Amino acid sequence: MNEKLPMLSKEQLDEVGKELLPVESLRETLELNEKGNPKATLANVVRILKQDPFFIGAIRLNEFTGRIDVVRDLGWKREQDTLDDTDMAYIALYIEENYGISYNSSLEKAIQVVANENRYHPIRDILKSLVWDGMPRLENMLTHFYGVEKTELVKESLKIFLLGAVSRVFTPGCKFEIFLCLVGNQGIGKSTFFRFLAIKDEWFSDDLRRLDDEKVVVKLQSHWFIEMAEMLTMLNSKHDEDIKNFLSRQKDTYRTPYSKHPKDPKRQCVFGGTSNKLEILPMDKSGNRRIIPIETHGDKAEVHILADEEYSRNYILQVWAEVMEIYRSGNFSLTLPKHLDSELAKYQQRFTPEDNDQESIEFFLSNTHEKYVCVKMLAYEALGYSQYDQLKKSDSNKISEIMHHNPDWEAIGTRTVSKYGRVRAWRRKNDSISDECFIEAPEQMEIPFNN
Numbered sequence: 001m002n003e004k005l006p007m008l009s010k011e012q013l014d015e016v017g018k019e020l021l022p023v024e025s026l027r028e029t030l031e032l033n034e035k036g037n038p039k040a041t042l043a044n045v046v047r048i049l050k051q052d053p054f055f056i057g058a059i060r061l062n063e064f065t066g067r068i069d070v071v072r073d074l075g076w077k078r079e080q081d082t083l084d085d086t087d088m089a090y091i092a093l094y095i096e097e098n099y100g101i102s103y104n105s106s107l108e109k110a111i112q113v114v115a116n117e118n119r120y121h122p123i124r125d126i127l128k129s130l131v132w133d134g135m136p137r138l139e140n141m142l143t144h145f146y147g148v149e150k151t152e153l154v155k156e157s158l159k160i161f162l163l164g165a166v167s168r169v170f171t172p173g174c175k176f177e178i179f180l181c182l183v184g185n186q187g188i189g190k191s192t193f194f195r196f197l198a199i200k201d202e203w204f205s206d207d208l209r210r211l212d213d214e215k216v217v218v219k220l221q222s223h224w225f226i227e228m229a230e231m232l233t234m235l236n237s238k239h240d241e242d243i244k245n246f247l248s249r250q251k252d253t254y255r256t257p258y259s260k261h262p263k264d265p266k267r268q269c270v271f272g273g274t275s276n277k278l279e280i281l282p283m284d285k286s287g288n289r290r291i292i293p294i295e296t297h298g299d300k301a302e303v304h305i306l307a308d309e310e311y312s313r314n315y316i317l318q319v320w321a322e323v324m325e326i327y328r329s330g331n332f333s334l335t336l337p338k339h340l341d342s343e344l345a346k347y348q349q350r351f352t353p354e355d356n357d358q359e360s361i362e363f364f365l366s367n368t369h370e371k372y373v374c375v376k377m378l379a380y381e382a383l384g385y386s387q388y389d390q391l392k393k394s395d396s397n398k399i400s401e402i403m404h405h406n407p408d409w410e411a412i413g414t415r416t417v418s419k420y421g422r423v424r425a426w427r428r429k430n431d432s433i434s435d436e437c438f439i440e441a442p443e444q445m446e447i448p449f450n451n
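Following full-length UniProt numbering, the numbering of the sequence shown begins with 1 at its first residue and continues without gaps.
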């Protein structure tokens, strides 16, 4: 064998077993032409790539990026793991020099076959290799690096966000919609948090600026954590629905250049955000449950995340090891517990622009003695709409949305509301007199009185 061949590990040798053949022996197993030379067939090239010691364990399909990688040294200078034209030239040269097979389309196809049969996932491999030292760090990490108040909502939000990231790489395309956003002053390393969470910088991106970018799917496929700082400015614009729909997708469809067949890669990434401004949430609260802002206080942090990069990265690796223990147990959910819904809604108010209509409605509700309220009552009596004006559907929808998120009132279906007839209504949740105590009389029924 060639003395320049890279050394193979015991695991690689065990994997190939008896299939490992020197060039001379391998040539004898190939299909030959009438002159006794190996034919340039797909089957021959596949056999060479599988059984020649030079290629053993080198060509693999990266299940995270969807690209073919050369994962070990093959004797020439390389700038990246991903297979490129230079690699193809050297591989073709080796096969031609040792087997007399000149470069043709069979080489491209053979590499695809061999890579597909030798898949690996770099992030899964790292996460599975981590060993937790038993010291809890997960629930304190945001306080440790960013001085975040340690509440149940904060602890659960971070845990779910990280479990979502793990779930996305072990079960691509799983339903996960949480968007975690660090809010606070500049200079405290908010973006660094997501970059360090990605373990390797190449698995982090802050370059997703437009949803209509033709390369957006490629960026999603090759990155684990994606910071969408620029897009936060769009949440209070006409594009906020586009962003919410984008975050909810579980897979994307695209066609690679020169590919005949489109792909539907399932998402393996999660999205985070950073903002220096406090009011980042849209006034339209539909979908806000996906967006969880975390207020940071750099002056209260125990340590700056960039003070000692090696320490911070090792700390985060141990957090991942702790998260993997939870993931392996299977005892987790990728959504916030229901009992935190009201706390989240109240917490999010701090990050939502002031809504005068909401304030007026809340003031009216706190002072009214009405048992039931309806859209028209709130429009005319709380917001001062003229009863001579036609109430627009958009106004009705906004009032309904405000009431839907009011923690003290609940929708109860159709009721008769004074002055407004039978309409959809709301009542106080803590009303001591239940509707069950009342039997509503039809409007046409006359109540008899004895003279």
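C-beta atoms are modelled at their ideal positions from N, C-alpha and C, and glycine is treated no differently. Treat the numbers as computed from the prediction; the structure is a model and nothing was measured.
Other residues of its chain near R27: CB distance less than 7 Å, five sequence neighbours each side excluded: Locating residue 27 in the sequence shown gives position 27, where the first residue counts as 1. Excluding residues within five positions, the ones whose Cβ falls inside 7 Å are P38, Y99.
CA-to-CA distance, Y315 to L8, given in whole angstroms: On the sequence shown, position 8 is the one that residue 8 refers to. On the sequence shown, position 315 is the one that residue 315 refers to. With a pLDDT of only 44 at L8, under the threshold of 50, the placement of this residue in the model should not be trusted; the figure read from the coordinates follows. Per the coordinates, the alpha-carbon of L8 lies some 33 Å from the alpha-carbon of Y315.
Whole-Å CB distance - K190 paired with T296, under 8 Å assumed: Here residue 190 refers to the residue found at position 190 when the sequence shown is read from its first residue. Here residue 296 refers to the residue found at position 296 when the sequence shown is read from its first residue. So it is a contact: roughly 7 Å between Cβ atoms.
Spatial distance of S106 from F145 (CA atoms): In the sequence shown, the residue the question calls residue 106 occupies position 106. In the sequence shown, the residue the question calls residue 145 occupies position 145. Taking the straight line joining both Cα atoms gives about 53 Å.
Sheet register partners of W426 (DSSP bridge): Working through the sequence shown from its first residue, we reach residue 426 at position 426. V373, A411.
Simplified DSSP state of N33, which is helix, strand or coil: Working through the sequence shown from its first residue, we reach residue 33 at position 33. Looking at N33 - three-state DSSP - the assignment turns out to be coil, as it is neither helix nor strand.
CB contact flag (A425, Y372, <8 Å): Locating residue 425 in the sequence shown gives position 425, counting from the first residue. Locating residue 372 in the sequence shown gives position 372, counting from the first residue. Closer than 8 Å, so yes.
Inter-residue CB distance, M141 and V319 (contact presumed, cutoff 8 Å): Position 141 of the sequence shown, counting from 1, holds the residue named residue 141. Position 319 of the sequence shown, counting from 1, holds the residue named residue 319. About 6 Å separates the two Cβ atoms, so the contact holds.
According to DSSP, residues forming a beta bridge with N356: For the purposes of this step, residue 356 is identified with residue 356 of the sequence shown, where counting begins at 1. Beta-bridge annotation (DSSP): N356 is not paired with any residue.
Rounded C-alpha distance that separates K50 from N62: Within the sequence shown, the letter at position 50 stands for residue 50. Within the sequence shown, the letter at position 62 stands for residue 62. Within the model, the alpha-carbon separation for K50 versus N62 is close to 17 Å.
Nearest-angstrom Cα separation, counted from L378 out to D299: As a position in the sequence shown, residue 299 is number 299, starting the count at 1. As a position in the sequence shown, residue 378 is number 378, starting the count at 1. The alpha-carbon atoms of D299 and L378 are separated by roughly 44 Å.
Buried or exposed (CB count within 10 angstroms, at least 16 for buried), I412: Position 412 of the sequence shown, counted from the first residue, corresponds to residue 412. Exposed.
Reference P122; option with closest CA among R209, A89, R67: For the purposes of this step, residue 122 is identified with residue 122 of the sequence shown, where counting begins at 1. Just measuring C-alpha positions, the residue of R209, A89, R67 sitting nearest P122 is R67.
K300, DSSP secondary structure in three states: Position 300 of the sequence shown, counted from the start, is the residue given in the question as residue 300. If DSSP states are grouped into helix, strand and coil, K300 belongs with the helices.
Closest Cα partner of R124 within the set Y327, F363, S333, E152: Reading the sequence shown from its first residue, position 124 is the one you call residue 124. The shortest CA-to-CA distance from R124 to any of Y327, F363, S333, E152 is the one to Y327.
Proximity of Y103 and R60 at Cβ, strictly below 8 Å: Walking along the sequence shown from the start, residue 103 turns up at place 103. Walking along the sequence shown from the start, residue 60 turns up at place 60. Contact flag unset, no.
The beta strand (DSSP E) enclosing P122, as first and last residue numbers: Taking the sequence shown and counting its residues from 1, one reaches residue 122 at position 122. Per DSSP, P122 belongs to no beta strand (DSSP E); it is in the alpha helix (DSSP H), 122 to 129.
According to DSSP, residues forming a beta bridge with L93: One-based indexing of the sequence shown puts residue 93 at position 93. Paired residue(s): none; L93 is not in a bridge.
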